[in-house]
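Chemist: Be aware that the sequence shown starts at 1, since it is given in our numbering, and climbs by one per residue.
Don't be surprised by glycine CBs; every beta carbon is placed ideally from N, CA and C.
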Amino acid sequence: MGRILIVDDNKGVCSLLKEIFTMEGHYAKTCNEIEKVHEKLENFQPDLSIFDIHIGKCDVLEFTKSLKRLYPQMEIIFMSADDPEECFKGQRFIKKPFDIFKIREYINKILGDRLAV
Numbered sequence: 001m002g003r004i005l006i007v008d009d010n011k012g013v014c015s016l017l018k019e020i021f022t023m024e025g026h027y028a029k030t031c032n033e034i035e036k037v038h039e040k041l042e043n044f045q046p047d048l049s050i051f052d053i054h055i056g057k058c059d060v061l062e063f064t065k066s067l068k069r070l071y072p073q074m075e076i077i078f079m080s081a082d083d084p085e086e087c088f089k090g091q092r093f094i095k096k097p098f099d100i101f102k103i104r105e106y107i108n109k110i111l112g113d114r115l116a117v
């Protein structure tokens, strides 16, 4: 299955998502600090990364654009309790609180499509 990195400063959200994805047969890791993302990506090389848009004091959209240049094969999904801001329109987005069944289905579809290629 897929390799998923969950980036959120809320450890409860990270633990829940990791458990959900692991039960689905994916290999999931978490990162609670934006400053450690590069290290995690280098060591883990995920197929998919999920970023909370309010982690750290950086512009997550710009940060992930730079990551896409380094890891073009990696899919990125954003998540937040807020409605997607204008700059996140057109991006893959998960609204918190999320439905566990819907997020499983959504992630499996993305990874299934990606890994089938």
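(1) Using 8 Å for Cβ pairs, my map puts Asp47 next to Met74. What's the rounded Cβ distance?
(2) Given Ile100, which residues of its chain have a CB within under 7 Å of its CB, disregarding the five upstream and five downstream residues?
(3) Using only CA atoms, which one of Gln91, Asp9 and Arg3 lies nearest to Cys58?
(4) Excluding the five sequence neighbours on either side, which residues of its own chain have a C-beta within less than 8 Å of the C-beta of His26, listed in chain order?
(5) Out of curiosity, what's the CA-to-CA distance linking Glu62 and Glu24?
(6) Specify the secondary structure class of Phe78 as computed by DSSP and reduced to three states.
(7) Return the chain-ordered list of same chain residues with a C-beta closer than 8 Å to the C-beta of Phe93, the five sequence neighbours on each side being excluded.
(8) So is Asp121 buried or exposed if we call it buried at 16+ other beta carbons inside 10 Å?
(9) Which one or two residues does DSSP pair with Ser49 in a beta bridge?
(10) Could you compute how far the alpha carbon of Arg69 sits from the alpha carbon of Asn43?
(11) What's the call for Thr22, buried or exposed, on a 16-neighbour Cβ count within 10 Å?
(12) Between which two residues does the alpha helix (DSSP H) holding Ile94 run?
Modeler: Walking through what the data contain:
(1) As a working mapping, residue 47 is identified with position 47 in the sequence shown. As a working mapping, residue 74 is identified with position 74 in the sequence shown. About 7 Å separates the two Cβ atoms, so the contact holds.
(2) Stepping through the sequence shown from its first residue, residue 100 is reached at position 100. Ile20, listed in sequence order.
(3) Counting from one through the sequence shown, the residue named residue 58 turns up at place 58. It is Asp9 whose Cα lies nearest to the Cα of Cys58.
(4) Position 26 of the sequence shown holds residue 26. Correct list, in chain order: Met1, Gly2, Arg3, Ile4, Ile107 and Leu111.
(5) Here residue 62 refers to the residue found at position 62 of the sequence shown. Here residue 24 refers to the residue found at position 24 of the sequence shown. When rounded, the distance between both Cα atoms is 30 Å.
(6) As a working mapping, residue 78 is identified with position 78 in the sequence shown. Three-state DSSP puts Phe78 in a strand.
(7) The count along the sequence shown starts at 1 and reaches residue 93 at position 93. Closer than 8 Å at Cβ, skipping near neighbours: Ile77, Phe78, Met79, Ser80 and Pro84.
(8) Residue 121 is absent from the model: the chain starts at 1 and stops at 117.
(9) Locating residue 49 in the sequence shown gives position 49, counting from the first residue. Leu5 and Ile76, per the DSSP bridge assignment.
(10) The residue labelled residue 69 in the question sits at position 69 within the sequence shown. The residue labelled residue 43 in the question sits at position 43 within the sequence shown. Going from the Cα of Arg69 to the Cα of Asn43 covers about 17 Å.
(11) To locate residue 22, count along the sequence shown from 1; it is residue 22. Label assigned to Thr22: exposed.
(12) One-based indexing of the sequence shown puts residue 94 at position 94. From DSSP, Ile94 is part of no alpha helix (DSSP H) but of the beta strand (DSSP E) over Phe93 to Lys95.
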